[in-house]
Structures are given as C-alpha cells and as structure tokens.
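Protein chains in written order, with the numbering used here: chain A, 22 to 392; chain B, 765 to 1112.
See the structure below:
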C-alpha cells in the first residue's frame, strides 16, 4: 500500500502518485459509512459475536485489526464462501483495508448486530432434531457425523427446501442433507447399502444420481434457496434422510466442552410439483443428456478454485452455464436465475467434477409417490 | 523516536495537512480520530503527515517541492514524514500545531521519518516491500556478474550487520547462488550472468524459522549507486517513472481507456517495472466499475460478472506488484487478461 488519492483517472498526473507510504488514510470509504453495510449484509451471519467465525467484523474496533486478513481472503476469493461480492462491494472493502481503515464519522456509527439463528425462509413445515447430541471435548477441534433422521412425515413428500438451525452456532461448520437408497446386489441377492463416495471435504460424483441425491447444502450464513416454483425433490418411501454435519471449533473454544443438537427444517412443496433430479458431471469427458432437460442448479462442492460448466448443443453451439469459484470447505448449490433448457444430446463439460440439478420438461407426475 | 530532522522556515508553511493520530510506541497505527492504540492501549498522539522531497542520502533535507539536494545536488525523491513543532527551550516536547514558545522564539518545524514512508531505492536499484509488511529489499546489479541485495527495516533503514548475517538468502540467475553478507551493509553474490538485460530472483528468509520470500528483479542496465558516485548529472530520476506519470485520455471511450490501461499494465510487466503496475491497475478497475454502472440493459449480469473478476485481478496486480514476485504477478495478469476478454464478450 502506498499513499494514494482516491484513484481518480487523473491520479497519475499528481505528485502523490509517486509517493510510497503505508498507513496514512487514503481510503475514500469509511467503516461506518461504507464498509459496515456490506459487512452487515454479507458477513455478519458468521462474523458476529457467537457466530461460527473466529472474529466479529460488525464493529469498527473489532474489524480494523483484521484488515490485512480481509484483504488476503478477498484476493484469494475465499470469502464470502457463498455468493461472491459484487465488484463494487469488493472494491469498497479492498480500498478500505489497504487505505488506512478509516472509521468515519461518529454520527454514522452503526447499530449493534446480534447473532441470527432463525429460519430465514420462515417457520418450516416440519422440524426434526438430530437424534443425538454431539459433544466436542476440550482439545477436540473437529468432528463430522451422519445422522439418519426419522422419516416419519417426510417419506413420500415433495421437498422444496431443507434448512438447519444449529444448537451451538459457533461450532456448526457445514451440513449436507441427502437421500440414501439401498440397492439390490444381484450376485448375492442381499440388500446392502450402496457405498457412497462422500469424503470429509466434499462429495464425489460417482454415486450421485444413482443411490444418493443431495437435497441441500447448508452453510452458516448461506442463503437457503428453495427449488424454483413448481419443482421439488421427491422423497421415495424407502429412502433414508441423512444429515451429515461437520462441527469445528475455533480457537476460542479450543479448551471448552461444547455441545450441539441442531434442528433440521423441511419445507414441503405441493405433491403435483415436477421432480428435480441430480446428475453427475465427471471431469473432462462430461455428460451427454439422454433427454431434453432444464438445468436449474449446479453444485459447487468438490472444487477448490474455478468452476466453469459449459454446454455444447447438438448443433455445436457452446455456452458457459456457470462460471464461479468454489472451496471444498464451503460446498454450495448455485440455483440459476432461470432454468436453461437443453435438448436431448446436449453435452455438459467441466474441468472439475460437479453435480447439476435438472427438471425434465413435461415430466409426468407420479402422484402415487407423493402425497 | 524523533530521528533525523530538518528545519524549515515556518513562513513557508501556507497550508497544513490534516491531523492524524498515532501511537508513540506503534507508529504503524495511524487513525483519523483521537483514541487508544489498539495494540498497547496508549493514548494516540496527534501528528500531521506530509509528503516532502528528500535526498536519497541526506535525509535531513526536506523540501516542499522536488528539485536538487542543496547539499550534494542529487535529485530529491518523495517521502512521507510526520510534521511536529518544538520550541528551542524544550526541544524534546513535540506539538502537532505551531505553538507559542515561552521564550518568545518561533516554533521549529521538525520532519520525522514514518514507517513505510520511503519506498525509494537508496542505491539506484529496484525496491520492494516484503510480504511480512516490515522488511524492504533493494536489488542492484552494479556490474557484470555481481548481484547485491540491500535489506531494510520498516523505516527503510539498513538492517544492522548482525541482522544482515542472520538473513538466509540466495539468488537465482538462473543457477542458484548463496548471497553472503558483505562489510558494505549488503548481501552479495557472484552470478553466472554476463549480459544485459539480466533477470534474477532473490529468495530471502529474514530470520531463521520465518517463511522465505521471493523477489524478482530485471536489470536493463547496470545499477548506478547514488551513494557511490559524486556525479549526479546523469542520475536516473528515482520514483517518477514513465508508467506512473502517464495519464488517461478522458476523451476516449471507457472501453478504449481500459484497453490503454491494459497495455500499460502489460508494458510494465514486460519491463519488470513491478512498482509501476498499481497505477494503471487501479485506474483500470475504476474504469471497469464505471462501465458496469453505465450498463443497464440485458448485458448487465454478464458485465457485472466480468467486472467483478477484473476488479479482483486489478487488486491482485496492485498487491503483488508491491511484493515483486514475478510468478504471482503473471498469474494475476493472466486473470486480468481473462477478465478483459470476458468483459469484451459481455459488452458485445
């Protein structure tokens, strides 16, 4: 960082442009006036007292010592882990973090921000507590557990969203909700659970769409996005509903015993909803659609860095379906702003494996499977 | 902490810079309001930060405008200093305002160096800040086959001989050669490079156990050490390079301005003038933000996505240009070029 003016176009014509110094305030953006609104809207679900992040950013005194760290995380594209900042938001934070971190007028001092631990979509249709409490002893920093949720009231239903309300928000790092079905192994004729390729860090695509269907990813601070209107994930009667939850302490709780028993909220759709399905898109060779389909979402779950998903139609025309960055620590599902209709034979390709959610156009509804 | 200072006639002060607040123990803390130091909780003290022009080797010189050193005639370079006033009868007491002295004499203006207030090379070489935000380095190529690396602290003061010896450093040119502390206050190595232009990479661990930092240098000519020579008539002007003084032609369209700036960035990288990249990089992101703001039609989403990438890449170029790591700069530039293409496609 050097002394800079507010970097107008004529900056280079001034003598200031050749001055080099670090800390003097050169940022035209202040915390109270410009930075706080961004932090409040985009960061405060985690970076708040009691949140899952190790530091609050919701007051000037709490935020400015982290300016260098904020700069590094933004440049690396790590934060925020959900939807990326807009260009202007990014520019405001970078300008402030590198320009002396001015506080701004006291009159504009922001109101206090409290931890939110609610249901952003409103009260769920059904709330289920995970069957067991998780206890992290002193010194135990992380644990991932799978909970099979009671299926009563869920099996056979159409689901438009799944959300989680942590019992101890400071340690619930991420969660994945999925349906797991058993399959028949013909050679022996015995039923065994399908092995799935889920790792600690993300989801491999191998069994996705076969015996596993990811209903939703949950991140602290992430927006819970329901399926688009008229669509839903169908829960077969014989499926297990699994919540895979990762708990992780920050240094604040390193020597404490912490306990969590989270709640999972289900939001149901009308039984007549069109079914959302998931298909795996392997790296390099991609996947060819066996029938016409509407792409409605792309999972950014097994990639660190860039994820670009491209489409090639049978006539050879190409387009970028989604270009974004991902972090294995923070798997998420990106719902497209509008479904992308692709004809039979269209190809999806990507340099990193992913899973896309599709809806078949004109799909017949099977009312027997839903109610 | 008041170090070397210069005395300037008070009458020359027509306008004072605004008051900032700094910690007497942690000068890197500079706030715009009174309060306590966030590190040690000491009350912050008022200070006025001013850009002055100083001699590369006679730091007592502090002039309001560029020119020649009145002692040796060398070109002055811009640095940032703190302004305070003292009275002759109490020289140890500094004030942020011109005060009335008890003995009736005029207050004396002092200019005190600030951390990171001087990023100018002191030996005619290429100057970088280290990623630890404290050290600084200057690479020099005084003659064929000799590479020198000067190490500085946060005030751009040379490290002591003891600290110099504790640093573990090597240079790739292209074969790797250890850098050895010399009595002149620098590290030196004989490098297997005989011709110009020459590219070299220094890798430095300032203290045992600390991370190693990489600094990429390019020399198009042999370095003339301003401290070694009395002849300043042909001394290259320091700090005001071509790239930093180039302006943007505001009569051109924003897209053309952006292309001009992209060319300036590429040019600075090609010349390995990494310290110049930040000016066109930050100008480019401002132009891109203006393009995004002006795009309200159906192209808006695609333009926004491209501008987001471009802004991030511009800040990367700014940051990595400071550090002088050619690989990081190349990666950031590739991202910038990709974002430019993305923006072009979005605007079509």
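The beta carbon of each residue, even a glycine, is placed where N, CA and C say it ideally should be.
Status (buried if at least 16 other CB within 10 Å, exposed otherwise) for residue i
{"i": "residue 828 (chain B)", "result": "exposed"}
{"i": "residue 62 (chain A)", "result": "exposed"}
{"i": "residue 1089 (chain B)", "result": "buried"}
{"i": "residue 86 (chain A)", "result": "exposed"}
{"i": "residue 780 (chain B)", "result": "exposed"}
{"i": "residue 882 (chain B)", "result": "buried"}
{"i": "residue 171 (chain A)", "result": "exposed"}
{"i": "residue 132 (chain A)", "result": "exposed"}
{"i": "residue 64 (chain A)", "result": "buried"}
{"i": "residue 1091 (chain B)", "result": "exposed"}
{"i": "residue 804 (chain B)", "result": "exposed"}
{"i": "residue 265 (chain A)", "result": "buried"}
{"i": "residue 157 (chain A)", "result": "buried"}
{"i": "residue 843 (chain B)", "result": "buried"}
{"i": "residue 272 (chain A)", "result": "exposed"}
Cβ of residue i within 9 Å of any chain B Cβ
{"i": "residue 123 (chain A)", "result": "yes"}
{"i": "residue 46 (chain A)", "result": "yes"}
{"i": "residue 115 (chain A)", "result": "yes"}
{"i": "residue 89 (chain A)", "result": "yes"}
{"i": "residue 412 (chain A)", "result": "For chain A, the structure presents residues 22 to 392; residue 412 (chain A) sits outside this window and is missing."}
{"i": "residue 112 (chain A)", "result": "yes"}
{"i": "residue 1 (chain A)", "result": "Because chain A here runs from 22 to 392, residue 1 (chain A) falls outside it and cannot be looked at."}
{"i": "residue 10 (chain A)", "result": "The shown model of chain A, from 22 to 392, leaves out residue 10 (chain A), and the question about it has no answer."}
{"i": "residue 326 (chain A)", "result": "no"}
{"i": "residue 344 (chain A)", "result": "yes"}
{"i": "residue 85 (chain A)", "result": "yes"}
{"i": "residue 119 (chain A)", "result": "yes"}
{"i": "residue 127 (chain A)", "result": "yes"}
{"i": "residue 105 (chain A)", "result": "yes"}
{"i": "residue 347 (chain A)", "result": "no"}
{"i": "residue 78 (chain A)", "result": "no"}
{"i": "residue 270 (chain A)", "result": "no"}
{"i": "residue 161 (chain A)", "result": "no"}
{"i": "residue 98 (chain A)", "result": "yes"}
One or two residues paired with residue i in a DSSP bridge
{"i": "residue 264 (chain A)", "result": "A:168 and A:198"}
{"i": "residue 815 (chain B)", "result": "B:844"}
{"i": "residue 281 (chain A)", "result": "A:155"}
{"i": "residue 964 (chain B)", "result": "B:981"}
{"i": "residue 239 (chain A)", "result": "A:196"}
{"i": "residue 379 (chain A)", "result": "A:298 and A:316"}
{"i": "residue 147 (chain A)", "result": "A:287"}
{"i": "residue 870 (chain B)", "result": "The partner list for residue 870 (chain B) (beta bridge, DSSP) is empty, contrary to what the question assumes."}
{"i": "residue 393 (chain A)", "result": "Not covered by the structure: residue 393 (chain A). The range shown for chain A is 22 to 392."}
{"i": "residue 942 (chain B)", "result": "B:934"}
{"i": "residue 924 (chain B)", "result": "Partner(s): none; residue 924 (chain B) has no beta bridge."}
{"i": "residue 1078 (chain B)", "result": "Beta-bridge pairing links residue 1078 (chain B) to no other residue."}
{"i": "residue 178 (chain A)", "result": "According to DSSP, which records beta bridges pairwise, residue 178 (chain A) is partnered with nothing at all."}
Sequence-distant residues of its chain with Cβ nearer than 6 Å to residue i (five each side left out)
{"i": "residue 964 (chain B)", "result": "911, 935, 937 and 981"}
{"i": "residue 374 (chain A)", "result": "226, 303, 304 and 323"}
{"i": "residue 979 (chain B)", "result": "892, 901, 966 and 1088"}
{"i": "residue 340 (chain A)", "result": "332"}
{"i": "residue 867 (chain B)", "result": "853"}
{"i": "residue 987 (chain B)", "result": "888, 889, 904, 905 and 906"}
{"i": "residue 1101 (chain B)", "result": "none"}
Within-9 Å CB hit, residue i to chain A
{"i": "residue 794 (chain B)", "result": "yes"}
{"i": "residue 999 (chain B)", "result": "Confidence in residue 999 (chain B) is poor, its pLDDT being 28 and thus under 50, which makes the residue's placement too unreliable to answer from."}
{"i": "residue 1111 (chain B)", "result": "no"}
{"i": "residue 1019 (chain B)", "result": "no"}
{"i": "residue 780 (chain B)", "result": "no"}
{"i": "residue 1089 (chain B)", "result": "no"}
{"i": "residue 848 (chain B)", "result": "no"}
{"i": "residue 1083 (chain B)", "result": "yes"}
{"i": "residue 1049 (chain B)", "result": "yes"}
{"i": "residue 840 (chain B)", "result": "no"}
{"i": "residue 1104 (chain B)", "result": "no"}
{"i": "residue 802 (chain B)", "result": "yes"}
{"i": "residue 806 (chain B)", "result": "no"}
7 Å Cβ shell around residue i - same chain, five flanking residues per side excluded
{"i": "residue 251 (chain A)", "result": "294 and 295"}
{"i": "residue 236 (chain A)", "result": "180, 183, 198, 199, 200 and 254"}
{"i": "residue 394 (chain A)", "result": "As shown, chain A starts at 22 and ends at 392. That puts residue 394 (chain A) outside it, with no answer to give."}
Same chain only: Cβ atoms within 8 Å of residue i, ignoring 5 sequence neighbours per side
{"i": "residue 357 (chain A)", "result": "316, 317, 318, 319, 342 and 343"}
Residue i Cβ short of 8 Å to the ligand HEM heavy atom set
{"i": "residue 186 (chain A)", "result": "No copy of the ligand HEM appears in this structure; indeed no ligand is present at all."}
TODO: Kindly provide the ranges of any beta strand (DSSP E) runs that are 3 or more residues long and lie completely inside the region 314-359 of chain A, ordered along the chain.
DONE: 314-321, 326-333 and 339-347
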